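Heads up: the structure comes next, in structure tokens.
2 protein chains.
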Amino acid sequence: MPKKQKTRCAILGLLSWQPMSGYDIKKLIQMGLQHFWNESYGQLYPTLNQLVAEGLATRKEGAGQGRRKRHVYSITAQGRRVFSDWLQEPTEPVPVRNEFLLKFFLTGRQEESQSMRLIEEYQRQEKERLEAFTMSEQILRKALRQRSLPDELIDLAGPAEDDSNQLLVFLLSLTHGIRMTEARLAWCGEALRSLRARKRRQTSAKRQS
Amino acid sequence: MPKKQKTRCAILGLLSWQPMSGYDIKKLIQMGLQHFWNESYGQLYPTLNQLVAEGLATRKEGAGQGRRKRHVYSITAQGRRVFSDWLQEPTEPVPVRNEFLLKFFLTGRQEESQSMRLIEEYQRQEKERLEAFTMSEQILRKALRQRSLPDELIDLAGPAEDDSNQLLVFLLSLTHGIRMTEARLAWCGEALRSLRARKRRQTSAKRQS
DNA sequence: TCAGACATGTAAGTCGTTACATGATTCA
DNA sequence: TGAATCATGTAACGACTTACATGTCTGA
Chain A
1 MPKKQKTRCA ILGLLSWQPM SGYDIKKLIQ MGLQHFWNES YGQLYPTLNQ
51 LVAEGLATRK EGAGQGRRKR HVYSITAQGR RVFSDWLQEP TEPVPVRNEF
101 LLKFFLTGRQ EESQSMRLIE EYQRQEKERL EAFTMSEQIL RKALRQRSLP
151 DELIDLAGPA EDDSNQLLVF LLSLTHGIRM TEARLAWCGE ALRSLRARKR
201 RQTSAKRQS
Chain B
1001 MPKKQKTRCA ILGLLSWQPM SGYDIKKLIQ MGLQHFWNES YGQLYPTLNQ
1051 LVAEGLATRK EGAGQGRRKR HVYSITAQGR RVFSDWLQEP TEPVPVRNEF
1101 LLKFFLTGRQ EESQSMRLIE EYQRQEKERL EAFTMSEQIL RKALRQRSLP
1151 DELIDLAGPA EDDSNQLLVF LLSLTHGIRM TEARLAWCGE ALRSLRARKR
1201 RQTSAKRQS
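First to last, the protein sequences are chains A and B.
Taking the numbering used here, the leading residue of the first sequence gets 1, the next gets one more, and so forth.
Taking the numbering used here, the leading residue of the second sequence gets 1001, the next gets one more, and so forth.
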């Protein structure tokens, strides 16, 4: 059986909002989904062609914003079916492949300072991530109060009588990232305390003997 | 510049414990690192050959446990250098590619029930994950009290005067997974409450008009 | 004797990034 | 005029999984 082809489904999902070009899709992903999804042009354009070949989308020439020709893709009825089938299918659990944890585990037989240095680096990274998240959250909460998508997104997202559902879901996706990041930071504190406590115990044990 | 080749480094890290066969490495990963790392045989065996070709490991024939011939790999001095260089290098932040969040985001313009169903599925998965984690944790905490690795690991891990440092690091890696899973579950609760609250507000607004 | 663990590997295919190639338009 | 943005694509490479192929040894 063929694999999931999540890129295909992600694209179909966005096209179900409104017709877009590959470039638009990339921008939309960068603005809205950056915290949990990414697609490169190297994936995007070939996949769009494939979608047309399969009859899940149609391409037509369009003028961008008075600029050169661009390819605007629309989802077909069949495309909508594929998309909504995918939504119904069971989602595979988040795969776990974490380079930091691998390194950390492998410092187990090295000096403790190595393990701690790794944690501190991780901590710095996650703090930065949290700041970025918090920024986005502020913008979104404001938008939620005004019940419409942020300016940068509104052109791309297409028309909707009431965006407040999409907005809430958007905000919750962001919250997910924030909670994860907070949990990672809390773990860093916990882990550093454990390692320091162990060090102290060892030092005092050595002094005793 | 060439990519990271984390598989290579992971293998070197494990070989730095003691000489092992490809099969041993696979087992060790399955038992100890399963929660944050994985390698398939399709990666493992070719990488081991590559390692020998590069002079980072040596291969010698060995008799398993009275069984057929097996290839036992040992790390070389150069291999140790490559490994410890990798430990020093900056770790790339955890990449974010979460199929659940993608789906969830894309239900924003569907019915709310879709979004909720997705969360509930996620919740079930994470609950199961948490149970598996808790089991492993119990075993590890017991081992930590006895200051030695669990039986299943002790043969593979090789000799060490005192494993309590490795053990603590092992436990902390596990704790990381547990904290993440707990955070995901907490988010599920939070998100479900938000969606329900919004539904109630809508319903009462409709009744008003 | 036969299932299951031990043990090593290859081939095909998917998935995904990066670098490259091209060229138009806009605006400072 | 030249940088930035708009816009579309390909080629090469690397990472990773799955299925396949092969064979041994142990113990119920």
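Even for Gly, the Cβ is constructed at its ideal location relative to N, Cα and C.
The structure presented is a predicted model; accordingly, all values stated were derived computationally and were not measured.
* Contact set for Met1 of chain A: own chain, Cβ-Cβ below 7 Å, skip 5 residues either direction -> Position 1 of the first sequence, counting from 1, holds the residue named residue 1 of chain A. In this prediction, Met1 of chain A scores a pLDDT of 40, lower than 50, which makes its location untrustworthy; no coordinate-derived value is stated.
* For Gln208 of chain A, decide whether its Cβ has a neighbour in chain B, counting only Cβ atoms nearer than 7 Å. => In the first sequence, residue 208 of chain A corresponds to position 208, counting from 1. Answer no: the Cβ-Cβ gap between Gln208 of chain A and chain B never drops below 7 Å.
* Leu951 of chain B and Arg198 of chain A: beta carbons closer than 7 Å? -> Outside the displayed span of chain B (1001 to 1209) sits residue 951 of chain B, for which this structure offers no information.
* Meets three-Cβ-pair contact criterion under 8 Å: the stretch 89-107 of chain A and the stretch 1035-1046 of chain B -> yes
* If you follow the beta strand (DSSP E) that Arg70 of chain A is part of, which residue opens it and which one closes it? -> Here residue 70 of chain A refers to the residue found at position 70 when the first sequence is read from its first residue. Arg70 of chain A -> beta strand (DSSP E) spans 69-75.
* Asked: From Leu1033 of chain B to Arg141 of chain A, what does the alpha carbon distance come to, in whole angstroms?
  -> For this step, residue 1033 of chain B is matched to residue 33 along the second sequence. For this step, residue 141 of chain A is matched to residue 141 along the first sequence. Their Cα atoms are separated by approximately 39 Å.
* Asked: If you pair each beta-carbon of the stretch 1077-1095 of chain B with each one of the stretch 1053-1062 of chain B, do three or more pairs fall below 8 Å?
  -> yes
* Asked: So, does the CB of Ser148 of chain A fall closer than 7 Å to a CB anywhere in chain B?
  -> For the purposes of this step, residue 148 of chain A is taken as the residue at position 148 of the first sequence. No, Ser148 of chain A does not count as interfacial toward chain B.
* With DSSP as the reference, label Glu1089 of chain B as helix, strand or coil. => Locating residue 1089 of chain B in the second sequence gives position 89, where the first residue counts as 1. Reduced to three states, the DSSP call for Glu1089 of chain B is coil.
* Asked: Interface residues of chain A around Lys1027 of chain B at Cβ under 9 Å?
  -> Counting from one through the second sequence, the residue named residue 1027 of chain B turns up at place 27. Going along chain A, no residue has its Cβ under 9 Å from Lys1027 of chain B, so there is no contact; the nearest lies around 16 Å.
* Asked: Considering only residues of the same chain and omitting the five flanking positions on each side of Gly66 of chain A, which have a CB-CB separation below 8 Å?
  -> Taking the first sequence and counting its residues from 1, the one referred to as residue 66 of chain A is at position 66. Unreliable positioning characterises Gly66 of chain A in this predicted model, as indicated by a pLDDT of 48, which lies under 50. A coordinate reading is not provided.
* How many whole angstroms separate the CB atoms of Gln125 of chain A and Pro1019 of chain B, which I take to be in contact at a CB cut-off of 8 Å? -> The sequence position of residue 125 of chain A within the first sequence is 125, counting from 1. The sequence position of residue 1019 of chain B within the second sequence is 19, counting from 1. With a Cβ gap of about 34 Å, Gln125 of chain A and Pro1019 of chain B do not count as contacting.
* Those residues which DSSP pairs with Gly62 of chain A across a bridge -> The residue you call residue 62 of chain A lines up with position 62 of the first sequence. Bridge partners of Gly62 of chain A: A:Arg70.
* Residue range of the alpha helix (DSSP H) that includes Gln1123 of chain B -> Reading the second sequence from its first residue, position 123 is the one you call residue 1123 of chain B. Looking at the DSSP string, the run of the alpha helix (DSSP H) that includes Gln1123 of chain B is 1112-1146.
* Asked: To the nearest whole angstrom, what separates the beta carbons of Arg1187 of chain B and Arg179 of chain A, a pair I think is in contact under 8 Å?
  -> Here residue 1187 of chain B refers to the residue found at position 187 of the second sequence. Here residue 179 of chain A refers to the residue found at position 179 of the first sequence. Rather than Arg, the amino acid found at residue 1187 of chain B in this sequence is Trp. The Cβ separation is near 5 Å, so the contact holds.
* Interfacial residues, the stretch 1161-1172 of chain B to chain A, with Cβ spacing under 7 Å -> Asn1165, Gln1166, Leu1168, Val1169, Phe1170, Leu1172
* Asked: Shorter than 7 Å from the beta carbon of Leu140 of chain A to some beta carbon of chain B?
  -> Position 140 of the first sequence, counted from the first residue, corresponds to residue 140 of chain A. Chain B contact via Cβ: absent.
* Can you check whether the CB of Leu1153 of chain B is closer than 7 Å to the CB of Tyr1073 of chain B? -> On the second sequence, residue 1073 of chain B is found 73 positions in, with the first residue counted as 1. On the second sequence, residue 1153 of chain B is found 153 positions in, with the first residue counted as 1. No, the pair does not count as a contact, with Cβ atoms beyond the cut-off.
* **Residues near Asp1163 of chain B by beta carbon distance below 6 Å, same chain, minus five either side** => Counted from its first residue, the second sequence places residue 1163 of chain B at position 163. Ser1148, Leu1149, listed in sequence order.
* To do: Could you tell me the boundaries of the alpha helix (DSSP H) in which Glu99 of chain A lies?
  => Here residue 99 of chain A refers to the residue found at position 99 of the first sequence. Per DSSP, Glu99 of chain A belongs to the alpha helix (DSSP H) from 99-106.
* C-beta neighbour in chain A for Ser1115 of chain B, strict 7 Å -> Taking the first residue of the second sequence as position 1, residue 1115 of chain B is located at position 115. Yes, Ser1115 of chain B counts as interfacial toward chain A.
* Asked: What residue does the alpha helix (DSSP H) around Gln208 of chain A start on, and which one ends it?
  -> As a position in the first sequence, residue 208 of chain A is number 208, starting the count at 1. 164-208 is the span of the alpha helix (DSSP H), which, as asked, contains Gln208 of chain A.
* **Residue interval of the alpha helix (DSSP H) (run including Asn1049 of chain B)** => Numbered from its first residue, the second sequence carries residue 1049 of chain B at position 49. Unbroken alpha helix (DSSP H) run through Asn1049 of chain B: 1041-1053.
* Taking only beta-carbon positions, decide if Phe1133 of chain B is within less than 7 Å of chain A. => Translated into the one-based positions of the second sequence, residue 1133 of chain B becomes position 133. No - not a single Cβ of chain A is within 7 Å of the one on Phe1133 of chain B.
* Of the residues A:Pro95, A:Tyr45, A:Asp85, the one placed nearest His71 of chain A, counting alpha carbons only -> Along the first sequence, one-based indexing puts residue 71 of chain A at 71. Ranking A:Pro95, A:Tyr45, A:Asp85 by Cα distance to His71 of chain A puts A:Tyr45 first.
* CB Leu195 of chain A to CB Met116 of chain A, shorter than 7 Å? -> Counting from one through the first sequence, the residue named residue 195 of chain A turns up at place 195. Counting from one through the first sequence, the residue named residue 116 of chain A turns up at place 116. Going by C-beta atoms, Leu195 of chain A is nearer than 7 Å to Met116 of chain A.
* Which value, in whole angstroms, describes the spacing of the CA atoms of Thr1134 of chain B and Glu190 of chain A? -> Here residue 1134 of chain B corresponds to residue number 134 of the second sequence, with the count starting at 1. Here residue 190 of chain A corresponds to residue number 190 of the first sequence, with the count starting at 1. Those two C-alpha atoms are separated by around 18 Å.
* In chain order, what residues of the same chain have a beta carbon less than 8 Å from the beta carbon of Leu1130 of chain B, not counting five sequence neighbours either side? -> The residue you call residue 1130 of chain B lines up with position 130 of the second sequence. Ile1178, Thr1181, Glu1182, Leu1185.
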